[in-house]
Each structure stands twice: as structure tokens, then as C-alpha cells.
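Under the working numbering, the letters of the sequence shown match residues 10 to 460, in that order.
Below: the structure, in C-alpha cells.
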Amino acid sequence: MIAPARTAAFTALRDINAGRLDLPAALAHVRPALQDERDRALATDLVTGTLRWQRQLDHLITEFSERPLSKLDFEVLQILRLGAYQLTHLDRVPAAAAVNDAVAMTRRARKTSAAGLVNAVLRAISRNTHRLPLPLRPPEGDALTYLEIALSHPRWLAARWLGRHGFEATERWETFNNTAAPLAIRVNRLKTTADLLVRTLAEHGVEVEPARYAPDGLIVKTGNPLRTPLAGSGLFFLQDEASQLVALLAAPQPGMRVLDTCASPGGKTTAMAAMADDRAHIVAADVRGARVQLLRETVAASGTRSVRMIQADLEAGLPFNADFDVVFVDAPCSGLGIVRRDPDIRWRRTESDLAPLASAQLTMVRHAADTVRPGGRLVYSTCSSEPEENDAVVAEFLKANAKFQAVDLRAEKAAHFEAIAPVLDAAGFLRTTPDTHGLEAFFGAVMRRVE
């Protein structure tokens, strides 16, 4: 009998690599069939790990099968990737079990003629795990080939990072992307305090420690808060630490009018409500009905009374005048800054995606700017590592709009900005990077409308 976790992992990988589902949706689709929590955890590990190391695994499969990937059946390739990941990266999985289940899955998928190939390739990998034919690290090997294959990143993306940051930083960045991300949560100060939440979580077997930078952030060390009765209580929200830092850029104060234009799922919206002690006037918008519903659920759980929600398309324009003190644009982007948490992004995105994304982002910023009052702040952020979506969008907007000026956040004195001082760059923008801060790559800029 094939282990349930492996069956679920194969189904998820097949759907992701066929372009039918992204990683979160694929995992959500297969988890209900797994009754044992250990099977769910293993399936998640198998899928995310296989995606992280996919380029390296494909190289090994090509080497040991002595044929190009294009000559392999699509479903057989997913089975080989899954098996190769277990053999090369999971010490706790017996090699025989991984190989036998892979062969059985091949037959179950009605690819019986490929069962011998799957068996031979995986057994060859198993015999050679101590001397895998992978590119060498410089100076013995070529830097770009090593970054692409040995550290499993798209060649075009590795080349970009190598050109901008150099080899050592890029190697640290890619190594970061290939590690499992810790669970990060944000304390909801509208309902509790950090000290009280830490004690309450400990009573349920969850150990946490303060985040390195985010003032309301906690990093889970042991246990899982989502498997305790506290889940869904609104005492905390799952939110990446870098994302928590970006929310601080809004610096809302009681009485301010705040517009969050791309608000779902609501992490930054509810963070801003808490920062203003629930005494700001916040409008949270998103473009799709399902996204607005998710936003409503987050806002309701938070306990805030200061947030109103609407469905609106920022790219098409907003139904507001220039009345807001703060307008926040957390723009849809390539997601290339969060490939540690969502490893499928590195294979779904291409370099040609960047220009159209940047064009849409610039349109969004221009429409958002129309709603900022004189003296107000326009905040722009992404979870992208690429300059086309970050600095270039800000520069292009400012070039065409003399009403706004970039704010050097290093000169800001508000209490909220103390936490972000270590992650500001030479231009006074927020810029977190894996190699420097140990955080996902986020970008944030503040522009003030001239009085």
C-alpha cells in the first residue's frame, strides 16, 4: 500500500506543475483526505521540498536516466522528482520505501511501462547520494551553473541576483530560500499583549520568541498555535515578519483617515487599526468578492471597530476624493521576495512577467495618489526582490508627479519607525533581504504629497 502522504504529495505536485493550482490551493485540496496530522505534515514537507529543489532534482534525473526531461511522461516526472527528493534530502525516509512507493505510484497512474525506469533511476540515485553529480562551487565550478542547479533556482533569476549582489550574497540568499520558513505571528494588541499571549501559548505547548525586528512579532519555536483552541480567536494573526514591518510605514494616528487599497487578507489593515488604538478611520478595499470576504473575516476576528470594507478595483480607479491622510498600496507583484515560503513561485514566474507587472503597479500608484490629501502620505510596497517593481515604479511615479516627494525614512521620528531603522537602505526606503536581515525580500517606500 502506498503511503497516504506520498499519494497526496504526488497529486499536489501534478496539479501545481500542470498550472492548475498554486501551492497553497494544492495543499488545501489534498489535506482533507489525510486524517493523521503526521501525514499532513509529511505531505506538506514532500511538496514544498520537492518544489524547492526541483531544478537540482531534474538535473539528477537527467543524469541517471540518460535522457532529457522532454522525453519523460509528465506524471512519471513528478513521481521521479518526489522520489529523488526523499532520497537526497530526507534522512528519516527509508530509501526502500521511497523507491517502492514510487514504482507503485507509477503503476497506479497507468504508466506501467515506465515502472522499470523509475525503479532504476531512483535506485541509482540512492546508491550515489554520497557523490551526486552536481556542479561544483566556485572557484572549482562556474558560479551561475552552481547557483542554478546545485542551489535550485531559475537561471535567469540567479543571473540577476549574481549581477546585482555578487556571488557570496546570492549564495546566502538562495540557501535561505531553500530552508523551511518558521511560523511568524503578530500579536493583536486590540485583544491582548505580547506577554499575555506568550504565557497563554505556553499553556498549550507552544513556545515562541520575540521577532528580531517587528515589535509585535513572535516566532514559533516549538508547537503550532494553529492547532490550539486559540486559533481563530483573533489574539494573533499569521503574518510574515517583513510584512509586519511594511505595515509600520503607514504610521496611522488616532483620527486619521486611512485607505488600504489592496487589503486582503487583512494583516496590514488590522495592524494599522491596532497601531492607531482603533481610533483611526480605515477604509479597506480589494478587487474580488472572495478576497473581500476573506478580508471581512480577518477584520471581524481582530475585534476592530474602525475598519469599513468595500470592493474596488485600484487599477481601474477609486471612488474617492483626495481626503485621506494615509493611502497604502501593497501592490500585487511577482512574489519573488517570498520564494522561501512559496517555492512554486520561482518556477511559475519568468523574466518577461516583470514589465507588465510594473506597468500595472505604476497605474495603481497613480490612482491611489489621487486620493491623498495635501500633506498626506502615500505608501507603496511589494514582496518582490526586483527593481522594476520597486525603485523603478517609485522613480517613474515621482518623475511624472511633482505633487509628491519621496520621504527619507531615516529622518522620521515617529515611534513606529524605530523598529524599521535597521532595514532602511541608503535612499531611506525599507528593503529587507535574506542575506542581510534573514527576512524575506520586501520593499516599502513613503511619498508625501506637497502641501
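Even glycine gets a Cβ: it sits at the ideal position worked out from N, Cα and C.
Keep in mind that this is a model prediction, so the values were computed, not measured.
With distances taken from CA atoms, which of Tyr389, Asp249, His213, Val255 is nearest arginine 236? By 1-based counting over the sequence shown, the position of residue 236 is 227. Residue nearest to arginine 236 within the set Tyr389, Asp249, His213, Val255 is His213 (criterion: CA-CA distance).
Using DSSP's beta-bridge definition, name the partner residues of glutamate 218. Against the sequence shown, residue 218 aligns to sequence position 209. According to DSSP, which records beta bridges pairwise, glutamate 218 is partnered with Ile228.
For leucine 323 versus threonine 270, is the C-beta spacing smaller than 8 angstroms? If you number the sequence shown from 1, residue 323 lands on position 314. If you number the sequence shown from 1, residue 270 lands on position 261. Cβ distance < 8 angstroms, so leucine 323 and threonine 270 count as in contact.
State the DSSP-derived secondary structure class of threonine 441, mapped to helix, strand or coil. The residue given as residue 441 occupies position 432 in the sequence shown. Strand at threonine 441.
Entirely within the region 311-395 and at least 4 residues each: give me those alpha helix (DSSP H) ranges in chain order. 354-357, 363-378
Coil, strand or helix - arginine 169 by DSSP: Taking the first residue of the sequence shown as position 1, residue 169 is located at position 160. In this structure, arginine 169 counts as helix in the three-state DSSP scheme.
So asparagine 26 and glutamine 87 are in contact, right, with Cβ under 8 angstroms, and what is the actual spacing, rounded? Residue mapping note: residue 26 aligns to position 17 of the sequence shown, counting from 1. Residue mapping note: residue 87 aligns to position 78 of the sequence shown, counting from 1. Going by Cβ atoms, the distance from asparagine 26 to glutamine 87 rounds to 6 angstroms, so yes, they are a contact pair.
Beta-carbon within less than 7 angstroms of arginine 461's beta-carbon, same chain only, minus the 5 sequence neighbours each way: which residues are those? Coverage of the chain is limited to positions 10 through 460, which leaves residue 461 absent and any answer about it impossible.
Exposure label - phenylalanine 245; buried when at least 16 CB within 10 Å: Along the sequence shown, read from residue 1 onward, the residue named residue 245 stands at position 236. By the neighbour-count rule (16 or more Cβ atoms within 10 Å), phenylalanine 245 is buried.
Cβ-based burial, lysine 408 [other Cβ within 10 Å; buried from 16]: Here residue 408 refers to the residue found at position 399 of the sequence shown. The residue is exposed, with fewer than 16 neighbouring Cβ atoms inside 10 Å.
What does the Cβ neighbour count give for valine 459, buried or exposed, with the cut at 16 atoms within 10 Å? The residue labelled residue 459 in the question sits at position 450 within the sequence shown. Flag for valine 459 reads exposed.
Between the Cα of valine 267 and the Cα atoms of Gly275, Thr279, Lys277, Ala289, which residue gives the shortest distance? Here residue 267 refers to the residue found at position 258 of the sequence shown. The shortest Cα separation from valine 267 among Gly275, Thr279, Lys277, Ala289 belongs to Ala289.
Histidine 162 to arginine 358 span [Cα, whole Å]: Taking the sequence shown and counting its residues from 1, one reaches residue 162 at position 153. Taking the sequence shown and counting its residues from 1, one reaches residue 358 at position 349. Their backbone Cα atoms lie some 11 angstroms apart in a straight line.
Alpha carbon to alpha carbon, what distance is there between threonine 202 and glycine 28? What you label residue 28 is simply residue 19 of the sequence shown in a count that begins at 1. What you label residue 202 is simply residue 193 of the sequence shown in a count that begins at 1. Going by the C-alpha atoms only, they are around 42 angstroms apart.
How would you write the range of the beta strand (DSSP E) that phenylalanine 406 sits in, first residue to last? By one-based count along the sequence shown, residue 406 stands at place 397. That residue, phenylalanine 406, is in no beta strand (DSSP E); its alpha helix (DSSP H) goes 400-409.
Please classify aspartate 204: is it buried, with 16 or more other beta-carbons within 10 angstroms of its beta-carbon, or exposed? Counting from 1 along the sequence shown, the entry for residue 204 is found at position 195. It counts as exposed.
Quick check on this structure: which residue in Gly384, Val402, Arg350 has the alpha carbon closest to the alpha carbon of valine 374? Numbered from its first residue, the sequence shown carries residue 374 at position 365. Closest by alpha carbon: Val402.
Let me check understanding here. Comparing Cα to Cα, which of Gly298, Ala299, Arg300, Leu304 lies closest to isoleucine 291? The residue given as residue 291 occupies position 282 in the sequence shown. Checked all of Gly298, Ala299, Arg300, Leu304; the closest Cα to isoleucine 291 is Leu304.
Is the beta carbon of alanine 285 less than 8 angstroms from the beta carbon of alanine 256? Within the sequence shown, the letter at position 276 stands for residue 285. Within the sequence shown, the letter at position 247 stands for residue 256. It is not a contact, given that the beta carbons lie outside the stated cut-off.
As assigned by DSSP and simplified to three states, the class of valine 127: Sequence index remark: in the sequence shown, residue 127 carries index 118 (1-based). In the structure shown, valine 127 sits in a helix (DSSP, three-state: H, G or I).
Give the straight-line distance between the Cα atoms of tryptophan 165 and methionine 318, rounded to the nearest whole angstrom. Taking the first residue of the sequence shown as position 1, residue 165 is located at position 156. Taking the first residue of the sequence shown as position 1, residue 318 is located at position 309. Each residue's Cα considered, the two are about 40 angstroms apart.
Checking the sheet assignment: what are the DSSP bridge partners for glutamine 414? Taking the sequence shown and counting its residues from 1, one reaches residue 414 at position 405. Glutamine 414 pairs with Arg457.
Is threonine 278 closer than 8 angstroms to alanine 260 when the C-beta atoms are compared? Indexing the sequence shown from 1 puts residue 260 at position 251. Indexing the sequence shown from 1 puts residue 278 at position 269. No, Cβ-Cβ distance for alanine 260 and threonine 278 is not below 8 angstroms.
Just list the alpha helix (DSSP H) runs in the region 233-309, keeping only unbroken ones of 4 residues or longer that don't cross its boundaries, in chain order. 250-256, 276-284
In this structure, what does DSSP give as the bridge partners for isoleucine 194? By one-based count along the sequence shown, residue 194 stands at place 185. Looking at the DSSP assignment, isoleucine 194 forms a beta bridge with Leu227, Leu247.
Return yes when the Cβ of alanine 18 is within less than 8 angstroms of the Cβ of leucine 55, no when it is not. What you label residue 55 is simply residue 46 of the sequence shown in a count that begins at 1. What you label residue 18 is simply residue 9 of the sequence shown in a count that begins at 1. Contact: yes.
Rounded to whole angstroms, what is the Cα-Cα separation between glutamate 306 and leucine 239? For the purposes of this step, residue 306 is identified with residue 297 of the sequence shown, where counting begins at 1. For the purposes of this step, residue 239 is identified with residue 230 of the sequence shown, where counting begins at 1. Answer to the nearest angstrom: the Cα atoms are 16 angstroms apart.
Contiguous alpha helix (DSSP H) assignments of at least 4 residues, all confined to the region 40-117: 46-61, 63-74, 83-98, 104-117
Validate contact between the region 351-371 and the region 431-448 using beta carbons, cut 8 angstroms, 3 pairs: no
Out of Ser273, Glu216, Pro234, Ala190, state which residue places its alpha-carbon closest to the alpha-carbon of alanine 251. What you label residue 251 is simply residue 242 of the sequence shown in a count that begins at 1. The residue with the shortest Cα to Cα distance from alanine 251 is Ala190.
Please report the residue range of the alpha helix (DSSP H) in which asparagine 463 lies. Any question about residue 463 goes unanswered here, given that the chain covers just 10 to 460.
Unbroken alpha helix (DSSP H) run spanning arginine 181, endpoints: Your numbering for residue 181 matches position 172 in the sequence shown. 176-186 is the span of the alpha helix (DSSP H), which, as asked, contains arginine 181.
Between alanine 280 and the ligand MG, is there a pair consisting of the residue's CB and a ligand heavy atom that are separated by less than 7 angstroms? Ligands are entirely absent from the displayed structure, and the ligand MG is therefore not among its contents.
Taking Cβ to Cβ, would you say valine 388 is nearer than 8 angstroms to valine 335? Within the sequence shown, the letter at position 379 stands for residue 388. Within the sequence shown, the letter at position 326 stands for residue 335. Cβ distance < 8 angstroms, so valine 388 and valine 335 count as in contact.
Residues that DSSP places opposite phenylalanine 451 in a beta bridge: Here residue 451 refers to the residue found at position 442 of the sequence shown. Paired residues: Thr441.
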